[in-house]
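Respectively, the protein sequence lines represent chains A and E.
Final position of the first sequence in my numbering is 213; the numbers increase by one with none missing.
Final position of the second sequence in my numbering is 213; the numbers increase by one with none missing.
C-beta atoms are modelled at their ideal positions from N, C-alpha and C, and glycine is treated no differently.
There are 2 protein chains.
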Amino acid sequence: MPSKTGHSAAAQKILDIAEQLVQTRGFNGFSYADIAKKLDVTKASLHYHFPSKEVLGRALIERYEEVFDRELEAIRQQSSEALERLRRYMNLYDAVMRNDRVCLCGMLAAEYVTLPAPMQNELRRFFKSNERWLAAVLEEGRRTGNLSFKGSAQERAGVLLGALEGTMLVARSYSDNRVFRSTAKRLLADLTKNSTVNSSSSERRR
Amino acid sequence: MPSKTGHSAAAQKILDIAEQLVQTRGFNGFSYADIAKKLDVTKASLHYHFPSKEVLGRALIERYEEVFDRELEAIRQQSSEALERLRRYMNLYDAVMRNDRVCLCGMLAAEYVTLPAPMQNELRRFFKSNERWLAAVLEEGRRTGNLSFKGSAQERAGVLLGALEGTMLVARSYSDNRVFRSTAKRLLADLTKNSTVNSSSSERRR
DNA sequence: GTCTATAGGTGGATAGAC
DNA sequence: GTCTATCCACCTATAGAC
């Protein structure tokens with residue numbers, strides 16, 4: 008019973024483990040032996056499903072992006088208000104952090120120059136796609152008057168994506184998920200209309 | 008003629024090469040063989056200066072932080088205005104990008120869980136130290152009325168650090184330094200007083 | 001301090017039996 | 001599809017000559 012992505016049940020299990028490993032240790036930080044151990048199979052059988060690590064890596068990005076795109080589409084359909092859409096977008100990242108991981112693509116971005124060219128291209132596509140989605144939501148939110156921000160929607164999308172990816176990485180070293188959540192909340196509040204609040208309420212641990 | 012950091016000339020050359028390698032490929036993405044090749048020496052002689060890769064990694068972070076701290080101190084002394092200090096802070100990152108690298112610690116943050124505990128601790132210290140410096144500048148800027156931002160200075164410092172580190176990584180995959188500079192400029196402009204500009208002038212490539 | 005030589009381990013990957 | 005067995009390249013690290 009292959010899934011939509013065309014992977015067998017065994018292949019999906021491999022992808023699940025590999026994904027978790029990349030999201031914690033990075034693409035250069037895990038080996039076929041690690042996956043084999045967790046699944047209690049041999050390395051050779053893994054190579055049957057994914058002949059090379061590059062093939063495995065490409066499958067990981069493709070599946071990750073498909074799932075992500077589906078979630079973005081669901082958000083668009085289920086929420087009509089821009090601020091709510093952004094809130095849910097950030098919740099996607101927060102869920103990853105609560106699972107003691109960071110974004111797969113944020114991780115791979117750090118290893119960018121060591122990755123095979125096909126993986127680099129897919130990675131770039133993921134970021135571009137995310138920024139497009141964000142920019143559209145931002146533009147719409149500003150148009151309807153629900154959001155407020157300086158500069159172009161494209162620039163703002165870049166700020167948001169970069170901040171979320173970077174904060175995940177930095178905050179992980181603090182071993183305190185609240186730091187990420189605090190920053191994500193801040194980013195969202197920055198886009199609301201109410202005038203600049205100069206008081207520093209709700210202090211945050213650092 | 009040992010430097011302030013106590014490293015011999017040979018050791019410094021090793022650190023220079025290793026630093027470049029970590030900032031492009033990551034700590035798990037280079038080997039002693041890579042350094043040996045570039046310096047035209049053998050791997051064994053590298054081990055004389057840095058017995059283990061962990062020792063080398065610690066020396067890298069320590070030197071990086073020392074240099075960084077010196078630059079932050081110079082900024083504090085040479086510039087009195089908060090916005091100018093922030094502009095110069097961001098220029099430090101921009102200089103790294105122009106050199107086709109990313110921040111050493113941003114890179115290591117992605118590999119965090121695979122690093123030896125001492126390196127993890129030094130990494131955390133680097134980020135905390137950066138956030139402290141930023142928060143102080145932000146607080147001062149708001150006090151004197153030159154800066155304006157919502158939330159606490161600590162939160163804002165976290166946003167800035169995360170955004171800069173993350174944008175470096177994401178923007179690198181675009182092979183266009185202007186993307187990083189555009190975002191950095193945006194982050195700085197966000198902190199100025201003039202009221203929210205809703206027009207999207209100066210579009211940016213994405 | 002730098003070298004040769006090598007140990008001891010792990011990496012990704014393949015051949016061929018079952 | 002999974003196994004055993006194996007290859008070869010590369011890794012970090014050490015011993016000991018010069």
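| Check | Outcome |
| --- | --- |
| Rounded C-alpha distance that separates Asn137/A from Ala143/A | 10 Å |
| Cβ neighbours of Gln84/E in the same chain (closer than 8 Å, five flanking residues each side left out) | none |
| Buried versus exposed call for Arg105/A [16 or more other C-beta atoms within 10 Å across all chains shown] | exposed |
| Close Cβ partners of Asn35/A (< 7 Å) along its chain, the five nearest in sequence each way excluded | Glu118, Thr121 |
| Partners in chain E for Asp197/A, counting only beta-carbon separations shorter than 9 Å | Phe156, Lys157, Gly158, Val166, Asp197 |
| Partners in chain A for Met126/E, counting only beta-carbon separations shorter than 8 Å | Within chain A, no residue comes near Met126/E; the closest Cβ sits about 10 Å away, beyond 8 Å. |
| For Ser136/E, three-class secondary structure by DSSP | helix |
| Distance cut-off 8 Å: Gly13/A Cβ against heavy atoms of the ligand MG | Only the bare structure without any ligand can be found here, which leaves the ligand MG out of the picture. |
| Extent of the continuous alpha helix (DSSP H) run through Cys112/A | 111 to 117 |
| Members of the region 68 to 98 of chain E that neighbour chain A once the beta carbon cut-off is set at 7 Å | none |
| Contact with chain A by Tyr119/E, beta-carbon distance below 9 Å | yes |
| Same chain only: Cβ atoms within 7 Å of Asp41/A, ignoring 5 sequence neighbours per side | Leu28 |
| Interface positions of the region 26 to 57 of chain A facing chain E (Cβ-Cβ less than 7 Å), listed along the chain | Thr31, Arg32, Gly33, Asn35, Gly36 |
| Span separating the alpha-carbon of Phe133/A from that of Gln30/E | 23 Å |
| Contacts of Glu172/A in chain E (Cβ-Cβ under 7 Å) | Gly173, Leu176, Val177 |
| Cα-Cα separation between Met114/A and Ala66/A, rounded to whole angstroms | 16 Å |
| Rounded distance between the beta-carbons of Ser86/E and Arg95/E, thought under 8 Å | 6 Å |
| Among Leu93/A, Leu168/A, Asn201/A, the one whose alpha carbon lies nearest that of Leu194/E | Leu168/A |
| DSSP three-state assignment for Val48/A, whether helix, strand or coil | coil |
| The region 144 to 163 of chain E / the region 145 to 154 of chain A touching (three or more Cβ pairs under 8 Å) | no |
| For Met175/E and Met97/E, the rounded distance between their alpha carbons | 11 Å |
| Alpha helix (DSSP H) segments (min. 4 residues) lying fully within the region 140 to 196 of chain E | 160 to 179, 184 to 196 |
| Beta carbon of Ala89/A nearer than 9 Å to that of Glu162/A | no |
| Neighbour-count burial assignment, Thr12/A, 16 or more Cβ in a 10 Å radius | exposed |
| Alpha helix (DSSP H) segments (min. 4 residues) lying fully within the region 8 to 90 of chain E | 16 to 32, 39 to 46, 50 to 56, 60 to 85 |
| Residue closest to Leu198/E, alpha-carbon to alpha-carbon, out of Leu93/E, Ile68/E, Arg179/E, Glu172/E | Leu93/E |
| Beta carbon proximity, Val109/E to chain A, threshold 9 Å | yes |
| Residue burial classification, Ser180/E (beta-carbon count within 10 angstroms, cutoff 16) | buried |
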